[in-house]
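In the numbering used here, the protein residues as written are 780 to 1077. Glycine residues also receive a C-beta, built at the ideal position from the N, C-alpha and C atoms. Contents: one structure, followed by commentary.
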């Protein structure tokens, strides 16, 4: 009898051990799947950051090219100025009679020299100002991105990303952070994130902000106050603007709300994951280029 009980106990131990191993295996397999998804997300973020850097670098190189051409133009103008001065010096060496006969031409030449000298000086000053403004804008943009990343750190990985490209800072918020399906009422977590953003905008009154609402391509069934994906995307963008304006220090004239419906996707709409990514709010922050444009147009 004792021998039989021992055998039963041994069989039970083997069965329990097998169950535990299967549970551990399933748990490890689930964690492995999560790690694979996180890796793909990190690789996508790395590629996006590299693209943003390449575009910014290209724009920077184009501006440097413009500055170099402007310097060359100034240098050529200075060379012409030297030639004019030499010509004038030669005229002074001629006889008094020759000078009297050419006095009208000399006066015109002196006026031309003065005008060219003033134009070259003004152009040189504009080039220096443009170079300084470009450098200041670049530093301000980098500082703004850092400030936003720090302020929204708690929401990254929850459907929120911050990146810099094309000389602008882009904040993307997936709908799961802001809205319920078919709604344009911002939830508590989304309001908290937008409140942090409003604090940063209040500290940077020279930043222009465009809030874009985006949807997936699933046809919208009109109901209640909504008519289409265009309507929904616009209402969501406007809802975000209203929350930002809860901070009285945010300037309304710096904000623009726009609905983009389904027409600017960032992922394929043929699967649930892609459609979830496309349902988003994008907040685009850019410096005001008025000063730089004024210098370029003069």
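Measuring only the C-alpha atoms, how far is residue i from residue j?
i            : j            : result
residue 964  : residue 955  : 12 Å
residue 883  : residue 889  : 10 Å
residue 1031 : residue 1063 : 15 Å
residue 940  : residue 984  : 22 Å
residue 867  : residue 844  : 35 Å
residue 1052 : residue 812  : 15 Å
residue 944  : residue 840  : 15 Å
residue 953  : residue 820  : 14 Å
residue 1035 : residue 825  : 29 Å
residue 1060 : residue 1048 : 17 Å
residue 962  : residue 851  : 58 Å
residue 927  : residue 1044 : 24 Å
residue 923  : residue 936  : 20 Å
residue 968  : residue 951  : 15 Å
residue 856  : residue 895  : 8 Å
residue 847  : residue 918  : 21 Å
residue 979  : residue 865  : 59 Å
residue 738  : residue 947  : This structure gives no information on residue 738, because the portion of the chain shown stretches from 780 to 1077.
residue 815  : residue 823  : 12 Å
residue 859  : residue 885  : 16 Å
residue 997  : residue 1006 : 14 Å
residue 810  : residue 818  : 12 Å
residue 838  : residue 949  : 17 Å
residue 1054 : residue 966  : 20 Å
Please classify residue i as buried or exposed, where buried requires at least 16 other C-beta atoms within 10 Å of its C-beta.
i            : result
residue 921  : exposed
residue 925  : exposed
residue 745  : Within the shown structure, residues of the chain are numbered from 780 to 1077, placing residue 745 beyond reach of any answer.
residue 1057 : buried
residue 1041 : buried
residue 929  : exposed
residue 897  : exposed
residue 1066 : buried
residue 861  : exposed
residue 1028 : exposed
residue 1004 : exposed
residue 1023 : buried
residue 1011 : buried
residue 995  : buried
residue 1018 : buried
For residue i, which residues does DSSP report across the bridge?
i            : result
residue 949  : 942 and 1063
residue 1035 : 989
residue 922  : According to DSSP, which records beta bridges pairwise, residue 922 is partnered with nothing at all.
residue 935  : 939
What are the boundary residues of the beta strand (DSSP E) that residue i is part of?
i           : result
residue 991 : 986-993
So is residue i in contact with chain D if we call contact Cβ pairs under 7 Å?
i           : result
residue 813 : Chain labels in this structure do not include chain D; a single protein chain is all it has.
What residue range is occupied by the uninterrupted alpha helix (DSSP H) comprising residue i?
i            : result
residue 1056 : 1051-1057
residue 961  : First-last for residue 961: undefined, no H or E at that position.
residue 1043 : Residue 1043 -> no alpha helix (DSSP H), and no H or E assigned at all.
residue 980  : 967-982
Under the assumption that residue i contacts residue j (Cβ atoms under 8 Å), give the Cβ distance between them as a whole number of angstroms.
i           : j            : result
residue 977 : residue 1025 : 7 Å
residue 986 : residue 1016 : Contact doesn't hold; Cβ gap of about 17 Å is too wide.
residue 942 : residue 827  : 6 Å
residue 970 : residue 931  : About 13 Å separates the two Cβ atoms, so there is no contact after all.
residue 972 : residue 934  : 5 Å
I want to check one thing, is the minimum distance from the CB of residue i to the heavy atoms of the ligand PLP below 6 Å?
i           : result
residue 922 : As far as ligands go, the structure on display features none, and thus does not contain the ligand PLP.
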